[in-house]
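Participant: Just passing along the structure, written as structure tokens.
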Amino acid sequence: MLRIIIWRLLQGLITMWLVVTVVFVVMRLSGDPVEMLYAGDPRPEAEREKAALRQALGLTEPLPVQYASFLTQVARLDFGQSFVTRRPVMQMIAQTLPYTLRLTVSAFIVAYLVALPLGIIVALRRNSWLDYSSLVLAMGGVSIPPFWVGLMFILLFALKLDWLPASGVESASAYVLPVIVLAIPRMSFMTRYVRGAMLEVLSADYLRTARAKGLPEGAVVTGHALRNTLIPIVTLVGLQLGYLVGGSVIIEQVFGIPGLGHLLVQSIFNRDFPVVQAAVLILSLSIVLANLLTDLTYPYLDPRIRHE
Numbered sequence: 085m086l087r088i089i090i091w092r093l094l095q096g097l098i099t100m101w102l103v104v105t106v107v108f109v110v111m112r113l114s115g116d117p118v119e120m121l122y123a124g125d126p127r128p129e130a131e132r133e134k135a136a137l138r139q140a141l142g143l144t145e146p147l148p149v150q151y152a153s154f155l156t157q158v159a160r161l162d163f164g165q166s167f168v169t170r171r172p173v174m175q176m177i178a179q180t181l182p183y184t185l186r187l188t189v190s191a192f193i194v195a196y197l198v199a200l201p202l203g204i205i206v207a208l209r210r211n212s213w214l215d216y217s218s219l220v221l222a223m224g225g226v227s228i229p230p231f232w233v234g235l236m237f238i239l240l241f242a243l244k245l246d247w248l249p250a251s252g253v254e255s256a257s258a259y260v261l262p263v264i265v266l267a268i269p270r271m272s273f274m275t276r277y278v279r280g281a282m283l284e285v286l287s288a289d290y291l292r293t294a295r296a297k298g299l300p301e302g303a304v305v306t307g308h309a310l311r312n313t314l315i316p317i318v319t320l321v322g323l324q325l326g327y328l329v330g331g332s333v334i335i336e337q338v339f340g341i342p343g344l345g346h347l348l349v350q351s352i353f354n355r356d357f358p359v360v361q362a363a364v365l366i367l368s369l370s371i372v373l374a375n376l377l378t379d380l381t382y383p384y385l386d387p388r389i390r391h392e
């Protein structure tokens with residue numbers, strides 16, 4: 085058990101280091117942020133100000149020196165100040181992160197609460213009209229781009245029917261559309277996955293033995309079949325959390341949610357290196373932690389893993 089934890093932690097640290105390194109290199113290759121800040125400035129003193137700003141931001145240092153300085157800052161959770169707003173980066177992250185957490189956690193709960201029972205039901209009703217209908221809907225939910233679904237939902241439910249707000253975060257109703265749009269692809273995929281996992285277990289010999297002993301079908305499904313599908317389902321849950329975090333970046337843009345994804349996109353366009361690096365690091369850390377927690381649940385779901 086301890087060996088599994090140490091190995092997973094080591095993998096997570098290596099992943100985070102690779103993410104930070106790739107983002108650092110890509111952002112430096114994208115151009116000079118100081119030039120963008122002073123684009124179109126005709127003042128004679130602009131060149132002097134640009135040189136002073138580059139010096140203050142450490143952009144005149146060699147790349148290895150900038151990289152070492154950045155790693156030191158990351159270790160202290162100090163990402164400096166934004167190139168654009170001159171505000172502390174962690175302050176900007178702290179203001180936007182709650183909106184992203186609210187969106188992703190709500191979408192995950194909706195997707196899981198719908199996909200798990202629906203996947204079990206369609207597995208028990210294999211080759212029925214319900215099974216085929218869920219297949220068609222799941223294929224559509226996975227295939228159609230979420231941003232297009234979001235725009236259609238805004239057009240129908242916000243503009244035409246005027247049932248829900250088109251954007252904003254002022255009330256709980258403002259989250260209904262973005263949560264549903266973000267949950268649809270994950271809900272569709274999880275439903276088919278749960279169905280497949282259940283079908284593999286439902287034909288097992290020990291289930292036939294349980295039925296032969298006279299156990300009710302509900303007890304057979306929930307007490308035996310579902311229990312033995314938990315590991316693949318939990319594995320999928322960890323992966324889907326990562327997809328939800330990534331998908332929230334686009335959904336926040338569509339619905340005007342001032343979350344971490346929205347901040348990341350704006351910072352990329354502005355070449356705001358500190359904010360981009362901090363936002364990507366936070367998003368990556370959430371994915372790594374989700375998968376780490378998923379791995380740590382395996383020994384409790386399967387005692388054989390605990391004793392390896």
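For the sequence shown, the numbering used here assigns the number 85 to the initial residue and increments by one for each residue that follows.
Just so you know, even glycine gets a beta-carbon here, dropped at the ideal spot from N, CA and C.
1) Return the first residue and the last residue of the alpha helix (DSSP H) that tryptophan 247 is part of.
2) Here's the rule I'm using: 16 or more other beta-carbon atoms within 10 Å means buried, otherwise exposed. How should arginine 210 be labelled?
3) Below 8 Å between beta carbons: does that hold for glycine 234 and valine 338?
4) Tell me which residue opens and which closes the alpha helix (DSSP H) that isoleucine 177 is part of.
5) How would you write the range of the alpha helix (DSSP H) that leucine 414 sits in, first residue to last?
6) Taking only the alpha-carbon atoms, compute the straight-line gap between methionine 271 and alanine 195 and give it to the nearest angstrom.
7) Can you give the beta carbon distance from valine 173 to alanine 362, rounded, assuming they're within the 8 Å contact cut?
8) By how many angstroms is the C-alpha of leucine 187 removed from the C-alpha of serine 332?
9) Could you spell out where the alpha helix (DSSP H) holding glycine 345 opens and where it closes?
10) Return the first residue and the last residue of the alpha helix (DSSP H) that lysine 134 is part of.
11) May I have a chain-ordered list of the alpha helix (DSSP H) segments no shorter than 4 residues that lie completely inside the segment 271–325?
12) Applying the 10 Å Cβ sphere with the 16-neighbour rule, what's the burial state of glutamate 336?
13) Three or more C-beta pairs closer than 8 Å, one from the segment 224–234 and one from the segment 265–281: is that the case here?
14) Does the beta-carbon of isoleucine 371, which I'm using as the reference point, lie nearer than 7 Å to any heavy atom of the ligand GTP?
15) Are the segment 199–207 and the segment 272–280 in contact at 8 Å, needing three or more beta carbon pairs?
16) Using the Cβ count rule (16 or more neighbours within 10 Å means buried), how would you classify methionine 176?
17) Since threonine 180 contacts leucine 347 with CB under 8 Å, what's their CB separation in whole angstroms?
18) In angstroms with no decimal places, state the Cα-to-Cα distance between valine 106 and leucine 155.
19) Going by beta-carbon coordinates alone, are leucine 376 and glycine 96 separated by less than 8 Å?
20) Please report the straight-line C-alpha distance between leucine 344 and leucine 314, rounded to a whole angstrom.
21) Can you list, in chain order, the residues of its chain whose CB lies under 8 Å from that of aspartate 379, leaving out five sequence neighbours each side?
22) Would you kindly work out how many angstroms separate the C-alpha atoms of valine 118 and arginine 276, rounded to a whole number?
23) Aspartate 356 and valine 110 look like a contact to me (Cβ under 8 Å); what is the Cβ gap, rounded to whole Å?
24) Roughly how many angstroms separate the alpha carbons of leucine 239 and isoleucine 334, rounded to a whole number?
25) Using the rule of at least 16 other Cβ atoms within 10 Å of the residue's Cβ for burial, across every protein chain shown, is glutamine 324 buried or exposed?
26) Does the distance from the CB of serine 368 to the CB of tyrosine 259 come in under 8 Å?
27) Since glycine 142 and proline 358 should fall inside the 8 Å C-beta cutoff, what is the C-beta to C-beta distance between them, to a whole number of angstroms?
28) Considering tyrosine 151, what are the terminal residues of the alpha helix (DSSP H) in which it resides?
29) Tell me which residues share the same chain as threonine 352 and place their Cβ nearer than 7 Å to its Cβ, disregarding the 5 neighbours each side in the sequence.
30) Let me know if proline 230 comes out buried or exposed under the rule of 16 or more other beta-carbons within 10 Å of its beta-carbon.
31) Does the separation of the CB atoms of valine 253 and isoleucine 341 fall below 8 Å?
32) For alanine 374 and glycine 326, I'd like the C-alpha separation in whole angstroms.
33) Taking all protein chains shown into account, decide if threonine 184 is buried (16 or more other Cβ within 10 angstroms of its Cβ) or exposed.
Facilitator: By the coordinates alone:
1) No alpha helix (DSSP H) contains tryptophan 247, which DSSP labels as neither H nor E.
2) exposed
3) yes
4) 173–208
5) For the chain, the structure presents residues 85 to 392; residue 414 sits outside this window and is missing.
6) 4 Å
7) 5 Å
8) 7 Å
9) 344–353
10) 130–141
11) 289–296 and 301–304
12) buried
13) yes
14) With respect to the ligand GTP, the structure offers nothing, as it holds no ligand at all.
15) yes
16) buried
17) 5 Å
18) 13 Å
19) yes
20) 32 Å
21) Ile88, Arg92 and Gly322
22) 49 Å
23) Rounded, the Cβ-Cβ distance is 14 Å, inconsistent with contact.
24) 17 Å
25) buried
26) no
27) Actually they are not in contact, since the Cβ atoms of glycine 142 and proline 358 sit about 10 Å apart, beyond 8 Å.
28) 147–159
29) Looking at the sequence shown, residue 352 is not threonine but isoleucine. Excluding residues within five positions, the ones whose Cβ falls inside 7 Å are Val360.
30) buried
31) yes
32) 8 Å
33) buried
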